[in-house]
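The opening residue of the sequence shown carries number 544 in the working numbering; numbering runs sequentially from there.
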Amino acid sequence: GLVLRGCTITPYDKNPFIVRSENGQRQIKTTKVIIGNVPISYSDSDIESKLCQIGCKIRSKMLMERDRDEHGGLTRWLTGRRFVYIDVPQQPLPSKIHIGPCQATIFNYHQPRAHARDPFRARFSSTPMNFFLTSLHGVGQSGGARDCCCCDSGDESERVTGWTSYRQDPPGFQLTQTYPTEFACGDF
544 GLVLRGCTIT PYDKNPFIVR SENGQRQIKT TKVIIGNVPI SYSDSDIESK
594 LCQIGCKIRS KMLMERDRDE HGGLTRWLTG RRFVYIDVPQ QPLPSKIHIG
644 PCQATIFNYH QPRAHARDPF RARFSSTPMN FFLTSLHGVG QSGGARDCCC
694 CDSGDESERV TGWTSYRQDP PGFQLTQTYP TEFACGDF
């Protein structure tokens, strides 16, 4: 191993934070699932069994989420939410499930959800964004600075001939601007 400032450090052959298959050769894609609105007194095994019932393959033990201080460091205070790592699900997980008498909320970053800025069209976005793009073909893509807004593949040769930006304006939703000009992906 390595010796740094009097401490011996043993390097691993493989990254211990990457989940691998049973034979250890293939990397398995995982996602963090956050479970909220469940009392701290509830058993982790009850929550894990409910997650297994809805089709989750659990890859880690259930952990309690801790609050952060103003500098971003972890504190000893529990938020009441739990998290666990699972295989990326083939079908979207429900956003709410019943665990005993409680209605728990479930969130993961690979979970498609209706975009909050455009509830009438119920487009789906995988990341929270400040605005929402709708191409002329009716395919909604999330976008932002230096993001490719018109294609999932990242192919910058694809072009969009028009798109509409929606912004939430209280008390409702309102069309704010339309850009009819042609532009290439990555022009933002």
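Heads up, the beta-carbon is just placed ideally off N, CA and C, and yes, glycines get one too.
These numbers come from a predicted model, not from an experiment.
Host beta strand (DSSP E) of residue i (start-end)
i, result
"Lys-575", "573–579"
"Thr-551", "550–552"
"Leu-545", "545–547"
"His-641", "639–642"
C-alpha gap between residue i and residue j, whole angstroms
i, j, result
"Thr-553", "Gly-544", "5 Å"
"Asn-566", "Asn-558", "15 Å"
"Arg-548", "Arg-619", "29 Å"
"Ser-603", "Val-627", "6 Å"
"Gln-634", "Lys-575", "15 Å"
"Arg-563", "Asn-651", "20 Å"
"Val-546", "Pro-632", "42 Å"
"Gly-615", "Arg-609", "11 Å"
"His-653", "Gly-579", "17 Å"
"Lys-572", "Tyr-555", "20 Å"
"Pro-582", "Ser-592", "16 Å"
"Gln-568", "Pro-644", "42 Å"
"Ile-577", "Gln-570", "22 Å"
Segment limits, alpha helix (DSSP H) that includes residue i
i, result
"Glu-591", "587–596"
Helix, strand or coil at residue i [DSSP, three-state]
i, result
"His-653", "coil"
"Tyr-555", "coil"
"Arg-625", "strand"
"Cys-691", "For Cys-691, the predicted structure reports a pLDDT of 37, less than 50, and the residue's modelled location is therefore unreliable. A value from the coordinates is still provided. Three-state result, Cys-691: coil."
"Glu-608", "strand"
"Gln-720", "Confidence at Gln-720 is low in this model, with a pLDDT of 43, below 50, so its placement is unreliable and no value can be given for it."
"Cys-599", "coil"
"Leu-617", "strand"
Under 9 Å between C-beta atoms of residue i and residue j
i, j, result
"Met-607", "Leu-621", "yes"
"Cys-599", "Ile-629", "yes"
"Arg-624", "Leu-617", "no"
"Ile-640", "Ile-597", "yes"
"Asp-589", "Ile-649", "no"
Any non-hydrogen atom of the ligand COA closer than 8 Å to residue i Cβ
i, result
"Ser-638", "The model depicted lacks the ligand COA and carries no ligand whatsoever."
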